[in-house]
Structures are given as structure tokens and as C-alpha cells.
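Enquirer: Just so you know, the protein sequences line up as chains A and B, in that order. Note that the working numbering gives residue 379 to position 328 of the first sequence, counting from 1, and the numbers run on in steps of one. Note that the working numbering gives residue 66 to position 15 of the second sequence, counting from 1, and the numbers run on in steps of one. Note that beta-carbon positions come from the ideal geometry of N, C-alpha and C, so glycine has one too. Quick caveat, the model's predicted, so the values are computed rather than measured.
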Amino acid sequence: MADLTALRFRNRLYYVLLAAGGLVALAGLYAVHMMESHGHIITGMNNQIVWGMPHVFAIFLIVAASGVLNVASIGSVFGKSIYKARAPLASLLSIAMLAGGLTVLMLDLGRPDRLMVAATNYNPTSVFAWNVLLYSGMFSLVAIYLWTMMERRMNQWSKPAGLAVFAWRFILTTGTGLIFAFLTARQAYGSALLPPMFIVLSFAWGLAVFHVVQKVIYAWNEKTLDPAILQRTKNLLGIFVIGSMYLVATYHLTNLYFAHQSGFEHFILVDGGVYPTLFWWGYVVLGNLLPLLLIYLPGLGKTGCVVAASLLVVAGAFALLYVFIIGGQAYPLNIFPGFTVSSSFGDGQIASYHPSIYEFLLGLGGLAIAFIITTVSVRVLNFMPQDKAYIPD
Amino acid sequence: MSDLNTQRRQFLKTSLGAAAVAIAPGMLLFDTAHGKAEAGSSKVRWGMLIDTAQCKDGCNDCVTACNKENGLSGGTAATDSQWIRKIELKDIRSGRELSLPMMCQHCEEPPCVDVCPTAASFKRADGIVLVDRHRCIGCRYCMMACPYKARSFVHEPLQDQKPDVPRGKGTVESCTLCVHRLDKGQQNTACAEACKNKAILFGNLNDENSEIAQKIRSVASVQVRADLQLNPGIRYQGL
Ligand code: SF4
Ligand code: SF4
Chain A
52 MADLTALRFR NRLYYVLLAA GGLVALAGLY AVHMMESHGH IITGMNNQIV WGMPHVFAIF
112 LIVAASGVLN VASIGSVFGK SIYKARAPLA SLLSIAMLAG GLTVLMLDLG RPDRLMVAAT
172 NYNPTSVFAW NVLLYSGMFS LVAIYLWTMM ERRMNQWSKP AGLAVFAWRF ILTTGTGLIF
232 AFLTARQAYG SALLPPMFIV LSFAWGLAVF HVVQKVIYAW NEKTLDPAIL QRTKNLLGIF
292 VIGSMYLVAT YHLTNLYFAH QSGFEHFILV DGGVYPTLFW WGYVVLGNLL PLLLIYLPGL
352 GKTGCVVAAS LLVVAGAFAL LYVFIIGGQA YPLNIFPGFT VSSSFGDGQI ASYHPSIYEF
412 LLGLGGLAIA FIITTVSVRV LNFMPQDKAY IPD
Chain B
52 MSDLNTQRRQ FLKTSLGAAA VAIAPGMLLF DTAHGKAEAG SSKVRWGMLI DTAQCKDGCN
112 DCVTACNKEN GLSGGTAATD SQWIRKIELK DIRSGRELSL PMMCQHCEEP PCVDVCPTAA
172 SFKRADGIVL VDRHRCIGCR YCMMACPYKA RSFVHEPLQD QKPDVPRGKG TVESCTLCVH
232 RLDKGQQNTA CAEACKNKAI LFGNLNDENS EIAQKIRSVA SVQVRADLQL NPGIRYQGL
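1) Does residue 326/A pass the burial test, meaning 16 or more other C-beta atoms within 10 Å, or should it be called exposed?
2) Between which residues of its own chain and residue 393/A is the CB-CB distance below 8 Å, once the five residues before and five after are set aside?
3) Let me check understanding here. Comparing Cα to Cα, which of 426/A, 391/A, 405/A lies closest to residue 143/B?
4) Would you tell me roughly how many angstroms separate the C-alpha atoms of residue 113/B and residue 237/B, rounded to the nearest one?
5) When every heavy atom of ligand 1 is checked, does at least one fall within less than 7 Å of the C-beta of residue 167/B?
6) Buried or exposed: where does residue 146/B fall if 16 or more other Cβ atoms within 10 Å of its Cβ makes it buried?
7) If you follow the beta strand (DSSP E) that residue 152/B is part of, which residue opens it and which one closes it?
8) Is residue 387/A close to chain B? Criterion is C-beta to C-beta, closer than 8 Å.
9) If you measure from the beta carbon of residue 422/A to each beta carbon in chain B, is any gap under 8 Å?
10) Taking 7 Å as the cut-off, does the CB of residue 221/B come closer than this to any heavy atom belonging to ligand 2?
11) Tell me the start and end of each unbroken alpha helix (DSSP H) in the region 262–289 of chain B that is at least 4 residues and wholly inside, in chain order.
12) Helix, strand or coil for residue 393/A? Go by DSSP, reduced to three states.
13) Let me know the secondary structure DSSP gives residue 285/A once reduced to three states.
14) Report the option in 183/A, 133/A, 168/A whose CA atom is closest to the CA atom of residue 149/A.
15) Are the region 407–420 of chain A and the region 77–85 of chain A touching, with three or more C-beta to C-beta distances below 8 Å?
16) Output needed for residue 371/A: all residues of its chain with C-beta closer than 6 Å, excluding positions within five of it in sequence on either side, in chain order.
17) What residues of chain B sit near residue 63/A, judged by a beta carbon separation below 7 Å?
18) Assuming residue 252/B and residue 160/B form a contact by the criterion Cβ under 8 Å, report the distance between their Cβ atoms to the nearest whole angstrom.
19) How about residue 52/A: is its C-beta nearer than 8 Å to some C-beta of chain B?
20) Quick one: which unbroken alpha helix (DSSP H) runs of 4-plus residues sit fully inside the region 133–160 of chain A? Chain order, please.
21) Do residue 287/B and ligand 2 come close, with the Cβ less than 7 Å from some heavy atom?
22) Work out the CA separation of residue 68/A and residue 121/B for me, nearest whole Å.
23) Name, going along the chain, the residues of the region 123–136 of chain B whose beta-carbon falls closer than 7 Å to a beta-carbon of chain A.
24) Residue 298/A and residue 244/A look like a contact to me (Cβ under 8 Å); what is the Cβ gap, rounded to whole Å?
25) Closest Cβ-Cβ distance between residue 101/B and chain A: below 8 Å?
26) Identify whether residue 434/A lies in helix, strand or coil by the three-state DSSP scheme.
27) Less than 8 Å between CB atoms is the rule here; does residue 400/A satisfy it with respect to chain B?
28) What whole-angstrom Cβ distance do residue 97/B and residue 255/B have, given they're in contact under 8 Å?
29) Less than 8 Å between C-beta atoms, sequence neighbours within five positions excluded: which residues of the same chain meet that for residue 214/A?
30) Taking all protein chains shown into account, do 16 or more other C-beta atoms lie within 10 angstroms of the C-beta of residue 375/A, making it buried, or fewer, making it exposed?
31) Using the Cα positions of residue 62/A and residue 420/A, report the straight-line distance between them to the nearest angstrom.
32) If you measure from the CB of residue 155/B, is any heavy atom of ligand 1 nearer than 7 Å?
33) Between the region 269–278 of chain B and the region 105–112 of chain B, are three or more C-beta pairs nearer than 8 Å?
34) Taking C-alpha atoms, which residue in 268/A, 88/A, 220/A, 379/A lies nearest to residue 196/A?
35) Could you run through the region 242–273 of chain B and flag, in chain order, every residue whose CB is less than 9 Å away from some CB of chain A?
36) What in chain A is Cβ-close to residue 187/B, meaning under 9 Å?
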């Protein structure tokens, strides 16, 4: 009887969660409607900060979507059984986040109604256009991969499918990095380090999201995760966090090395107001150091700590992307080296940006889409990791 | 080296030909709008020579003329379109001050065209870089890529547009070198015409007898951010 009550409660909770996700998604749609009828004037974006909060959300989702597949790859490509058991959930999360991220990107366009134009007029030299191919390819590949894992008769194909996904997501995140790396005239971007930096960041962000979702699913099913398994994935998260910090540091150090970039670095790291704050406190302290402590400090590192660490990594990701995308545009383009400049169009000035509620609603709408896809799928299909008695491999 | 250059140019021309086929529908729309059959020939490369010594600090005549010609509001809020703007410069070392107009530089190797996912940004055979407003999806990648910050995004619905100058909310726009005038056979842009000090000289860079070509041969002029090797069609004198 008690069981039944618990079941009823969980059923109800499921619908409440779904409704909450739906509401957030609806709020996102409302924001889109407002942006469509009033134009981008109601956002905080302008002619200096042309990409804003929606892009922070979208790029987080897309990068994490690629990184979460790491869990699957370690399983299929390197044959580690605890990861293999988690490959379906990781693939599902990837599809869900990719869908959420792409929706945000598309609905932020000035003319989202012209998406067909983008599909039919393809400019082969545009990194953006390559990314459209990369994203749709990733969708199909991961869907196929999921199918080979979920359908027993297809199991034999799951290894090659996993390999294909493994390769594809590297290219995909490289493509995301290239969007910025090709902007050679901007001090913040145009660095060959960006693609590898994004790849390592994707590992950390993806695994962090995975930890959180896994925790929720285990709690939902009233199961506890084998501490030995958690031990291994949390160490991996630690390594990814250290790795990404290393690449972010290298990116800034190489910028400092080039004299013409030092003004920009000074801005981002020292006197740029909200950007250095977000960088040091948001990204470095909250997003890296604190999670590392939670993971590695003796006595810590239990489930709760790992989930907290993962949530912090995600928060740090948003801080870093904000600094990278918006701070990168706020610093004035150096059109006339050797001159101080001023104009009516923001030349020589730090551009200001105040994200509006509509941008947040749109971004949160993307998160909600990812949430709904995950929740519904986990409910109707079996994505619960099935661990055999633990064998170290 | 120059041989290589000619080869490269030849290649570019061929690819331009191919590109022209690809963008023909947009061009057709464009041309019927102005009643002219051929859209610029590669014998022409439109460009400008801007003499900063003649350009007066505080004078805004070119900007006003551009706004009027193209139906821009003239507002200077961060969300308003500015196709041309006056920049006041001060040499950090010598303290020398100067003033100049800045607009789309009509690059020969335009990054905005390279990055545009839908090929809405394109370069005509006569070197003018334009945005096809029927094709632009408003992604703003070209604004990120332009080294001169020459482009504006239309943030609001527009009223009272000029029939000759199509614009639209949610799309990106920039200086067209008054292409609507040129295609009607006029030989000057609104900004150059408006400058009392004759600081802007407009003309065909490829015609060696044109005033602009002759002047470029005889006076020292530079391209802004020449290090990026985009070969802009706008050159500056006295910078
Ligand atoms: S100045 Fe900017 S908008 Fe104009 S052609 Fe060059 S890159 Fe494109
Ligand atoms: S905003 Fe328009 S013109 Fe610019 S890159 Fe995007 S589609 Fe092309």
C-alpha cells in the first residue's frame, strides 16, 4: 500500500515536472514571439554586441551535447563496461541538449522564418554552414547509435556506430571553436587554440551534466550508485576540469605574449568590470577550484559533493562563455592601430550590454526543451544504467 | 609573383562567374527593381580615395547625405543603423589629430562574404559588396567577421523606406556604394557629392584614366588594416 502511494506520488511529480518544463518552454516561445514582432530592440543586443545571452545558452548546450558523448565513447571505443552501461543515457542527453541549443540559435535569428533559405542556399566557405551539416549529422549518427544499443538485434553494430560518433563529435566541437577562430580581426578570437580548448571544455561540461542527470535518475528509481563507479567518473571529471583550465590559461597566456593583444587581456582579466569578476570568481573559483576541492579533498568526494561539483562546473561554464562571447565583443575592435579613436558608433569604447528578460527566457526555453526530451524519454524507455556486479577494467 | 597574382585573379574571376550563377535569382530581383539588365562588369572596380587632410573635424555632411539617400533614421543609438560614420583619431605618439569617414570598405576578399551561411552577403563583379535582403537570415556572423565594424543590424520594424533601397527588420545592412545610383548610370555616391571639401573621391579604380586611378598613382594612400590583406576598395590619404 505504501508502495502504491509512493508510486502515485512519483507519477504526479513526473507530470508536475513536465508541466514546469513545458511552462518554461512556453515562456521561451513567448520571448520569440515578442522578438519577432518588435525586433531585437527588446533584447540587450545591439550593433556592438551582436551575439548575446541566447548564444551563451546555445553554445553551452551544443558544446556540452558533444562532450557528454565522451561517456558513451569511453564505453564503446575503449570498452570500459561502467561507461558502456551509461552510453544510452549519454546519447539521449546529447540529442536533447543539441536540440535545445540549436532551437535557441535558430530562434534568435533576425529572420527565423527564413530557415529554409539557409537550407537551400549553402555557402561552402562559411563555417556556420559547415556547422549546420555537422549538427544534423550528429543528430542522425547519435540516433543510429542509440538504436544499435537499444535494439538487441542491432547490438553488433553499436561499436562501429560508437566509433563514428566518437570521430564526429571531435569534428563538431572543432567546428564550434572554428566559428570564433576564423574571426581573425577580433582580438578575443582568431586563435588556433580555440578548437582544442572547446574540445576539452566540452568533456568537462558534458560529464558534469551527466553526473547531475544520473544522480536524479538514480534517486527517482530509488537506487544508489555504486561508490566505486562514482569514484571513477568523478576522477575523470577532475582531470577534465584541470585540462580545461590548462587550455584556458594557455589561451590567455599566448594572447598576453602577443603585444597587440595585451590590452584585451588586461580588460578581460583585470579592469573590465563584470568580465574579470565573472572570469576569476565565476569561472576560476566557482567553476574550477571549488569543484576540484569537492572532488579531491580527503573526506569529500561523496555523491553529494560530486553533484555539487558538477553543478558548479556548469555554472562556471556559463561564466566563461559570458566572458568569452560578450566580453570578447565588448572590447573595441582595433581598426586604427596607433591611434585613439572615437565616433558615434562606439569606436574605441567598451560596448555596454544589459541582457533583457527575453534573452534569458529564450535561453531557458532551450534548457527546457532539453529537459523535456530527457524526462519523457527516460520515462518511456529504459535509460537507467544497468551495471553488472562491478568489475574493475 | 605577379604571374601568380594574375593566375589567382583569373581563378577568382572564374569562381565569381560560378557564384554569379548561384546568386542569379537574387540579382535578377535586384536588377528588375532598377530596370537595368547587367549588374556591374568586372572591368569596373568601384572605389574611393578619402583625403583626411580635407576632411573637417566635426563636419558630418557625408553622414547626413547617406542617411537621406538611403532612408536611414540618422539616430545614433547602439541599435540604430549607421552605414557611414565619422571617426575622430588622435595619433598616440605625435598627438596629431584627424577626422575621417568610415564605411564598408568593399573588400576584394570580404570576410563577411566568406562567413555568410546563406550567401546573402555577396560581391558583385564591380567590387561592390552587398547583402541580399531577401536571403539574409539575420545571424549576424558577418558583423562578427567584418574588421571595420561596417555593418548594422535592423533592430526594429521600418517605415517609409526608399523604394530604391530595400531594407528589412531582422536583416543586416551596410554601405552599398549607392549601387542604386550607379545602376541608373549616375557616377557618384551621395556622400562624395555632399562633401563640400572634396575629401571623398569616388570612381573606377580599374580605369587607368579615371581621376581616382590617376590620383592613387601620384599620391601616397593606404588601406585601413592593410595587414589583413583584404584589399579594400576604399583608400585613405594622409593617414
Ligand atoms: S568592410 Fe566589412 S562589410 Fe564591407 S566588404 Fe569588408 S568585411 Fe564586408
Ligand atoms: S546576417 Fe545575413 S548577411 Fe550576415 S552572415 Fe548572416 S545571413 Fe549572411
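Expert: So, from the listed chains and residues:
1) Here residue 326/A refers to the residue found at position 275 of the first sequence. The residue in question, residue 326/A, is buried, as its Cβ has 16 or more Cβ neighbours within 10 Å.
2) Within the first sequence, residue 393/A is the residue found at index 342, counting from 1. Excluding residues within five positions, the ones whose Cβ falls inside 8 Å are 399, 400.
3) Here residue 143/B is taken as the residue at index 92 of the second sequence, counted from 1. The candidate whose alpha carbon is nearest that of residue 143/B is 391/A.
4) Translated into the one-based positions of the second sequence, residue 113/B becomes position 62. Translated into the one-based positions of the second sequence, residue 237/B becomes position 186. Cα-Cα distance, rounded: 18 Å.
5) As a first step, residue 167/B is located in the second sequence; it is residue number 116 there, counting from the start. Residue 167/B: no, Cβ never under 7 Å from ligand 1.
6) Stepping through the second sequence from its first residue, residue 146/B is reached at position 95. Flag for residue 146/B reads exposed.
7) Taking the first residue of the second sequence as 1, we reach residue 152/B at position 101. Segment 148–154, the beta strand (DSSP E) holding residue 152/B.
8) If you number the first sequence from 1, residue 387/A lands on position 336. Interface residue, yes.
9) Against the first sequence, residue 422/A aligns to sequence position 371. No - not a single Cβ of chain B is within 8 Å of the one on residue 422/A.
10) Your numbering for residue 221/B matches position 170 in the second sequence. No; taking the cut-off as 7 Å, the Cβ of residue 221/B has no heavy atom of ligand 2 nearer than that.
11) 262–269
12) In the first sequence, counting from the first residue as 1, residue 393/A sits at position 342. Strand, per DSSP.
13) Reading the first sequence from its first residue, position 234 is the one you call residue 285/A. Residue state, collapsed to three classes: helix.
14) What you label residue 149/A is simply residue 98 of the first sequence in a count that begins at 1. Per the Cα distances, 183/A.
15) yes
16) Along the first sequence, read from residue 1 onward, the residue named residue 371/A stands at position 320. Excluding residues within five positions, the ones whose Cβ falls inside 6 Å are 334.
17) Residue 63/A sits at position 12 when you count from the first residue of the first sequence. None at all; the shortest Cβ gap to chain B is about 42 Å.
18) Sequence index remark: in the second sequence, residue 252/B carries index 201 (1-based). Sequence index remark: in the second sequence, residue 160/B carries index 109 (1-based). Their Cβ separation, rounded to whole angstroms, is 23 Å, which puts residue 252/B and residue 160/B out of contact at 8 Å.
19) As a first step, residue 52/A must be located in the first sequence, where it is residue number 1. Confidence in residue 52/A is poor, its pLDDT being 48 and thus under 50, which makes the residue's placement unreliable; the coordinate value appears in the next sentence. So no, residue 52/A is outside the interface.
20) 138–158
21) Within the second sequence, residue 287/B is the residue found at index 236, counting from 1. Checking every heavy atom of ligand 2 against the Cβ of residue 287/B, none is found closer than 7 Å.
22) Within the second sequence, the letter at position 70 stands for residue 121/B. Within the first sequence, the letter at position 17 stands for residue 68/A. Cα to Cα, residue 121/B sits roughly 52 Å from residue 68/A.
23) 127, 129, 130, 133, 136
24) For the purposes of this step, residue 298/A is identified with residue 247 of the first sequence, where counting begins at 1. For the purposes of this step, residue 244/A is identified with residue 193 of the first sequence, where counting begins at 1. At roughly 7 Å, the Cβ-Cβ gap stays under 8 Å, so residue 298/A and residue 244/A are in contact.
25) Translated into positions along the second sequence, residue 101/B becomes position 50. Not closer than 8 Å to any Cβ of chain A, the Cβ of residue 101/B fails to qualify, so no.
26) Start at 1 with the first residue of the first sequence, and residue 434/A comes out as number 383. Coil.
27) Here residue 400/A corresponds to residue number 349 of the first sequence, with the count starting at 1. Not closer than 8 Å to any Cβ of chain B, the Cβ of residue 400/A fails to qualify, so no.
28) The sequence position of residue 97/B within the second sequence is 46, counting from 1. The sequence position of residue 255/B within the second sequence is 204, counting from 1. Sure, about 6 Å apart at Cβ, within 8 Å.
29) In the first sequence, residue 214/A corresponds to position 163, counting from 1. Excluding positions up to five away in sequence, the list reads 127, 128.
30) Indexing the first sequence from 1 puts residue 375/A at position 324. Looking at its Cβ environment, which holds 16 or more other Cβ atoms inside 10 Å, residue 375/A is buried.
31) As a working mapping, residue 62/A is identified with position 11 in the first sequence. As a working mapping, residue 420/A is identified with position 369 in the first sequence. Whole-angstrom Cα-Cα distance: 20 Å.
32) Counting from one through the second sequence, the residue named residue 155/B turns up at place 104. Residue 155/B: yes, Cβ under 7 Å from ligand 1.
33) no
34) Here residue 196/A corresponds to residue number 145 of the first sequence, with the count starting at 1. It is 220/A whose Cα lies nearest to the Cα of residue 196/A.
35) none
36) For the purposes of this step, residue 187/B is taken as residue 136 along the second sequence, with counting starting at 1. Going along chain A in sequence order, the residues near residue 187/B (Cβ under 9 Å) are 161, 162, 165, 168.
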